[in-house]
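**Student:** The structure's right below; bear with me while I get my questions together.
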Amino acid sequence: MAKLVFDRICKSFGKIKILKNVSFDCNDGEFLTIVGPSGSGKTTVLNCIAGLVYPEKGTIIIGGDDATLKPPQERDIAMAFGSYALYPRFSVYKNLAFPLRSPRSRMSEHEIEQRVTWVAKLLDIDPFLDRLPQELSQGQRQRVSLGRALVREPNLLLLDEPTSHLDARLRNAMRRELKLIHNKMTQTIIYVTHDYLEALSLSDRVVVLVKGEVLQFDKPRNIYDYPAAVEVAKLFGDLPVILFKGKIDDAGNFIEESGSFTLDTTVIASQIMPETAVMLGLRPTDLQLVPYKSGTLKGEIYSIQYQFEKKLVTVSTNGYLVEVVIPVDMNISEKEKVGIHIRPEACFFFDQETHRSI
Amino acid sequence: MATLRLENVHKNYGILEDAVKGISFTCNDGELMVLLGPSGCGKTTTLRMIAGLESVTDGVIKIDGKVINNLAPQQRNVAMAFETYALYPLLSVYKNIAFPLQVMKLSKAEIDRRVREVAEVLSITDILNNLPGRLSGGEKQRVSLARALVREPTIFLIDEPLSHIDADLHYRARALIKHIHVTTGTTMVYVTHDQKEAVALADRLILMNLGTIQQIGTPQDLYYHPVNLFVASFISEPPMNTILTRLEMGESLLLLHLQGEGQVILHFSVDEIPSCAQHALYRYHGKEIIMGVRPQNVRIQHSAKGGGILKQVPGKLLVYELLVNEGIAQVLVNGNKFECVTPLETTFRASDAVRLAMDFADLYFFDPQTTNHIEYKRR
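Chains as they are written, first to last, in my numbering: chain A, 948 to 1305; chain B, 659 to 1037.
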């Protein structure tokens, strides 16, 4: 079984630095997720682990051995992608058996059958073994692709955005499916995604990678509750954080840049150096809609979106658009003047220059 | 400003089956109507027939009472925005937006007034001099919407405009479309396959499947009064749990035998069941019926906590997902999978023995043959 150490890895393509000193580790049997926007270097990390590209600097240790420069076939790693890359003319059975028939594995047909049956049962695709990929639904194809990676029982399983092209509903279903499968096995998994819900639901720990740098490496809930940088807060949440620029005064109050509002944040900001240029971050779910007069922010309703159990209201205030989530039975209408109440405890503060959390 | 009416409209692409099979609806003046359905349901074909980009095989399309079947697209005064922005790369944002007005040969002053007005609504005034190549995805989308809106069309048609935008900008883009709708009062027809988007935007929505209209109504109508199983499962996320059961109505209890492995029965006290429901369900006594319950309405607890046999069934927890403000549990009950949305709960583990409880008022029933909703007056 495999513990992975990814130590201070640098990788460039030409002049472009893709990975800048990326470090993390993954324990035996852990489900580790790498989250980042497109272009952040997520896939390059996987390619380095798989041996498809070699880093310029740094070390990769797999199961105690230095694997930095080992060829891919000596690493005992399997990989599955978003595009399933199934052989269209092979039945599901043959697709699953393919990795076992490589000259290196030398398995008997009987052994192959056992392994294929095992993996097909695990993934609930045993009724379709005789079908061709084109006769399967998207979700089923995804499971076959996953099955082909799993069938060798690799030490380390790398999954590169396996759900990226599925629609929202199928992605939600597949997420639970993956969790169910993971509960039944002991493999170490490294999973790449840009979907924070997958990271939150599936992983033991999460690496947040932005522009080739690790911004945060922690348990998923901690990342949601204590984002280490603006970019992390933006990635983690159904509705991205609302950001205001401003300063902290001597007493710990937040003063918005254009002077449009001041917020008493002494309870949480008293440690911040006065006059620091900060960004105040707020999650729409932490805001409350109140009568115009009693709001910290005052504005008017820009639009209302209905969501069955709640409404998502966009308020236009001092040149900002701010989202607020309200109960579905609260009656309001467009153009209405409203206030927004901000609880100081719900505020995040980030440095304006570095974007890091303060 | 206009009323749109489709009467028994068909579209056939020369193969045996019609792509659109005789649909009729009215979109009222100033209404935002959403056409929703899975891919291949005929929603985009319908939109393109309204725009005049596809011919109508049979039936009538009217705007303000006038038949427009044979009018060229430019004569219909409808505007269409696509999922690809299709901006002219060598023209500035200003010129891109002004283009349709120049074609209409309006005066320079009038063009300038209209461009600035629509730019204001869409907050793109400060990028009017930029070239499209320098804009972000969200900005390009707003320019594309502006170019469609600037003609002041009587009907605004929008086809999946958000599929190219980053997911985290979707809610903002929707807010914008809703804002434009309220500000301009233009009649809009909006096509999407995303039920969440449809519900967020629609005054009313039309759910289509396989070329036919399944149901027309407000989002609440479709949620609380779905006409059939398709509508009920399509309209909420996670989808409604639907289970085949055998119904038995006794003196004091209503029993639902969950079909599957072994015997599992949901008991409800008849006192809890309104008489109209008893009446509607009585003809299924001793027969099969499909029971539906939304994941949001299923409560889950550890078996040890117990609590009688009424309204609950035993199950095994397969997966429990911890999300931000809620958890989603998948539970196996005699071979049937139930999903339930719960408040955050950290004590659930896979394979735990659990109980699922639900109230009769939250159940929906469907005929197993027709899959039609067996509707009765609720509460």
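We treat Cβ as the ideally placed atom computed from N, Cα and C, and that holds for glycine. Note that the coordinates shown come from a computational prediction; the quantities given were computed from them, not determined experimentally.
What are the start and end residues of each continuous beta strand (DSSP E) run of 3 or more residues lying completely inside the region 1110-1148 of chain A, in chain order?
**Tutor:** Within the region 1110-1148 of chain A, the complete beta strand (DSSP E) runs of at least 3 residues are 1135-1140.
**Student:** Anyone know if the C-beta pair for serine 750 (chain B) and asparagine 787 (chain B) falls short of 7 Å?
**Tutor:** In the second sequence, residue 750 (chain B) corresponds to position 92, counting from 1. In the second sequence, residue 787 (chain B) corresponds to position 129, counting from 1. Yes, these two residues count as a Cβ contact at 7 Å.
**Student:** Using the C-alpha atoms, what's the distance from aspartate 1196 (chain A) back to valine 857 (chain B)?
**Tutor:** As a position in the second sequence, residue 857 (chain B) is number 199, starting the count at 1. As a position in the first sequence, residue 1196 (chain A) is number 249, starting the count at 1. Approximately 44 Å between the Cα atoms of the pair.
**Student:** Under 6 Å Cβ to Cβ from glutamate 1203 (chain A), same chain only, skipping five residues before and after it: list those, please.
**Tutor:** Numbered from its first residue, the first sequence carries residue 1203 (chain A) at position 256. If we look at glutamate 1203 (chain A) and ignore the five residues flanking it on each side, its Cβ neighbours are Phe1191 and Gly1193.
**Student:** Closer than 7 Å between beta carbons: that is the criterion. Which residues of the region 877-893 of chain B meet it against chain A?
**Tutor:** Listed by position along the chain: Pro877 and Tyr881.
**Student:** Going by other Cβ atoms of all chains shown within 10 Å of its Cβ, with 16 needed for buried, is tyrosine 671 (chain B) buried or exposed?
**Tutor:** Here residue 671 (chain B) is taken as the residue at index 13 of the second sequence, counted from 1. Classification of tyrosine 671 (chain B): exposed, given that the 10 Å Cβ count is below 16.
**Student:** If I'm right that isoleucine 1189 (chain A) touches glutamate 1270 (chain A) with Cβ under 8 Å, what's the distance once you round it to whole angstroms?
**Tutor:** Residue mapping note: residue 1189 (chain A) aligns to position 242 of the first sequence, counting from 1. Residue mapping note: residue 1270 (chain A) aligns to position 323 of the first sequence, counting from 1. Isoleucine 1189 (chain A) to glutamate 1270 (chain A), Cβ: 7 Å. Contact.
**Student:** Measure the CB-CB distance between aspartate 817 (chain B) and leucine 690 (chain B) and report whether it falls below 7 Å.
**Tutor:** For the purposes of this step, residue 817 (chain B) is taken as residue 159 along the second sequence, with counting starting at 1. For the purposes of this step, residue 690 (chain B) is taken as residue 32 along the second sequence, with counting starting at 1. For aspartate 817 (chain B) and leucine 690 (chain B), no; Cβs fall outside 7 Å.
**Student:** Closest to lysine 989 (chain A) by C-alpha separation, out of A:Ile1008, A:Cys957 and A:Asp1012, would be which residue?
**Tutor:** Here the question's residue 989 (chain A) lines up with position 42 in the first sequence. The shortest Cα separation from lysine 989 (chain A) among A:Ile1008, A:Cys957 and A:Asp1012 belongs to A:Cys957.
**Student:** If I follow the unbroken alpha helix (DSSP H) through lysine 1017 (chain A), where does it start and stop?
**Tutor:** Numbered from its first residue, the first sequence carries residue 1017 (chain A) at position 70. Unbroken run through lysine 1017 (chain A): none, as it is neither H nor E.
**Student:** Can you have a look at lysine 836 (chain B) and say buried or exposed, based on whether 16 or more other CB atoms are within 10 angstroms of its CB?
**Tutor:** For the purposes of this step, residue 836 (chain B) is taken as the residue at position 178 of the second sequence. That one is buried.
**Student:** Using the three-state DSSP reduction, which class does phenylalanine 1006 (chain B) fall into: helix, strand or coil?
**Tutor:** Counting from one through the second sequence, the residue named residue 1006 (chain B) turns up at place 348. Three-state DSSP puts phenylalanine 1006 (chain B) in coil, outside helix and strand.
**Student:** Mind listing which residues of the region 1262-1293 of chain A have their C-beta closer than 8 Å to chain B's C-betas, in chain order?
**Tutor:** Hits within the stretch, in order: Leu1268, Glu1270, Glu1281 and Lys1282.
**Student:** So, do the region 1278-1294 of chain A and the region 910-924 of chain B have three or more beta carbon pairs nearer to each other than 8 Å?
**Tutor:** Segments in contact, no.
**Student:** So the alpha helix (DSSP H) histidine 1057 (chain A) belongs to, where does it begin and stop?
**Tutor:** Your numbering for residue 1057 (chain A) matches position 110 in the first sequence. 1056-1069 is the extent of the alpha helix (DSSP H) around histidine 1057 (chain A).
**Student:** Assign arginine 1037 (chain B) to one of three DSSP states: helix, strand, or coil.
**Tutor:** Translated into the one-based positions of the second sequence, residue 1037 (chain B) becomes position 379. Because arginine 1037 (chain B) sits at a pLDDT of 47, beneath the cut-off of 50, its placement in the model cannot be relied upon, and the following sentence gives the value as read from the coordinates. Note: arginine 1037 (chain B) maps to coil in three-state DSSP.
**Student:** My assumption, with CB atoms under 8 Å, is that valine 1012 (chain B) sits in contact with glycine 973 (chain B). Please give the rounded CB distance.
**Tutor:** Walking along the second sequence from the start, residue 1012 (chain B) turns up at place 354. Walking along the second sequence from the start, residue 973 (chain B) turns up at place 315. The pair is a contact, with the Cβ atoms about 6 Å apart (cut-off 8 Å).
**Student:** Taking the alpha-carbon positions, what's the threonine 661 (chain B) to glycine 688 (chain B) distance?
**Tutor:** The sequence position of residue 661 (chain B) within the second sequence is 3, counting from 1. The sequence position of residue 688 (chain B) within the second sequence is 30, counting from 1. Answer to the nearest angstrom: the Cα atoms are 8 Å apart.
**Student:** Hey, is serine 1148 (chain A)'s beta-carbon within less than 7 Å of any beta-carbon in chain B?
**Tutor:** Counting from 1 along the first sequence, the entry for residue 1148 (chain A) is found at position 201. Yes - at least one Cβ of chain B is within 7 Å of the one on serine 1148 (chain A).
**Student:** Using a beta-carbon distance below 7 Å, is glutamine 837 (chain B) in contact with chain A?
**Tutor:** Stepping through the second sequence from its first residue, residue 837 (chain B) is reached at position 179. The sequence given here has histidine at residue 837 (chain B), not glutamine. So, interface residue.
**Student:** For phenylalanine 960 (chain A), count the other beta carbons within 10 Å of its own beta carbon; 16 or more makes it buried, fewer makes it exposed. Which is it?
**Tutor:** As a working mapping, residue 960 (chain A) is identified with position 13 in the first sequence. The residue in question, phenylalanine 960 (chain A), is exposed, as its Cβ has fewer than 16 Cβ neighbours within 10 Å.
**Student:** Compare the C-beta of alanine 833 (chain B) against all C-beta atoms of chain A and say whether one is closer than 7 Å.
**Tutor:** To locate residue 833 (chain B), count along the second sequence from 1; it is residue 175. Yes, its Cβ sits closer than 7 Å to a Cβ of chain A.
**Student:** Using a C-beta cutoff of 7 Å, does phenylalanine 1250 (chain A) count as contacting chain B?
**Tutor:** Locating residue 1250 (chain A) in the first sequence gives position 303, where the first residue counts as 1. It should be noted that the sequence gives serine, not phenylalanine, for residue 1250 (chain A). So, interface residue.
**Student:** Anyone know if the C-beta pair for asparagine 867 (chain B) and cysteine 685 (chain B) falls short of 7 Å?
**Tutor:** Position 209 of the second sequence, counted from the first residue, corresponds to residue 867 (chain B). Position 27 of the second sequence, counted from the first residue, corresponds to residue 685 (chain B). Against a cut-off of 7 Å, the Cβ pair of cysteine 685 (chain B) and asparagine 867 (chain B) comes out as no contact.
**Student:** Could you check if aspartate 1276 (chain A) is buried or exposed, using at least 16 other CB atoms within 10 Å of its CB as the buried criterion?
**Tutor:** For the purposes of this step, residue 1276 (chain A) is taken as residue 329 along the first sequence, with counting starting at 1. So aspartate 1276 (chain A) ends up on the exposed side.
**Student:** If you draw a straight line from the C-alpha of isoleucine 1287 (chain A) to the C-alpha of valine 1262 (chain A), how long is it?
**Tutor:** Position 340 of the first sequence, counted from the start, is the residue given in the question as residue 1287 (chain A). Position 315 of the first sequence, counted from the start, is the residue given in the question as residue 1262 (chain A). Whole-angstrom Cα-Cα distance: 9 Å.
**Student:** Any Cβ of chain B within less than 7 Å of the Cβ of leucine 1186 (chain A)?
**Tutor:** Here residue 1186 (chain A) refers to the residue found at position 239 when the first sequence is read from its first residue. At least one chain B Cβ lies under 7 Å of leucine 1186 (chain A).
**Student:** Roughly how many angstroms separate the alpha carbons of valine 969 (chain A) and isoleucine 1136 (chain A), rounded to a whole number?
**Tutor:** Indexing the first sequence from 1 puts residue 969 (chain A) at position 22. Indexing the first sequence from 1 puts residue 1136 (chain A) at position 189. Their Cα atoms are separated by approximately 18 Å.
**Student:** Checking the sheet assignment: what are the DSSP bridge partners for valine 989 (chain B)?
**Tutor:** Taking the first residue of the second sequence as 1, we reach residue 989 (chain B) at position 331. DSSP output for valine 989 (chain B) lists B:Leu975 and B:Phe996 as bridge partner(s).
**Student:** Rounded to the nearest angstrom, what separates isoleucine 755 (chain B) and alanine 806 (chain B) at their Cα positions?
**Tutor:** Here residue 755 (chain B) corresponds to residue number 97 of the second sequence, with the count starting at 1. Here residue 806 (chain B) corresponds to residue number 148 of the second sequence, with the count starting at 1. Looking at the two C-alpha atoms, the distance is approximately 8 Å.
**Student:** At what residues does the alpha helix (DSSP H) containing proline 1315 (chain A) begin and finish?
**Tutor:** No information on residue 1315 (chain A) is available, as it lies outside the stretch 948 to 1305 that chain A covers here.
**Student:** Cα separation between lysine 720 (chain B) and alanine 737 (chain B)?
**Tutor:** As a working note, residue 720 (chain B) is residue 62 in the second sequence. As a working note, residue 737 (chain B) is residue 79 in the second sequence. So the alpha carbons of these two residues sit roughly 16 Å apart.
**Student:** Strictly below 7 Å CB to CB, what residues from chain B border glutamate 1178 (chain A)?
**Tutor:** What you label residue 1178 (chain A) is simply residue 231 of the first sequence in a count that begins at 1. Near glutamate 1178 (chain A) there are no residues of chain B at all, since even the closest Cβ is about 11 Å away, more than 7 Å.
**Student:** Counting only beta-carbon atoms, is arginine 1152 (chain A) nearer than 7 Å to chain B?
**Tutor:** For the purposes of this step, residue 1152 (chain A) is taken as residue 205 along the first sequence, with counting starting at 1. Judged by the 7 Å Cβ criterion, arginine 1152 (chain A) is not in contact with chain B.
**Student:** Can you check whether the CB of glutamate 997 (chain B) is closer than 7 Å to the CB of proline 896 (chain B)?
**Tutor:** Residue mapping note: residue 896 (chain B) aligns to position 238 of the second sequence, counting from 1. Residue mapping note: residue 997 (chain B) aligns to position 339 of the second sequence, counting from 1. Yes. Within cutoff.
**Student:** Three or more C-beta pairs under 8 Å: does that hold for the region 1079-1086 of chain A against the region 931-951 of chain B?
**Tutor:** No: the two stretches stay apart, fewer than three of their Cβ pairs being nearer than 8 Å.
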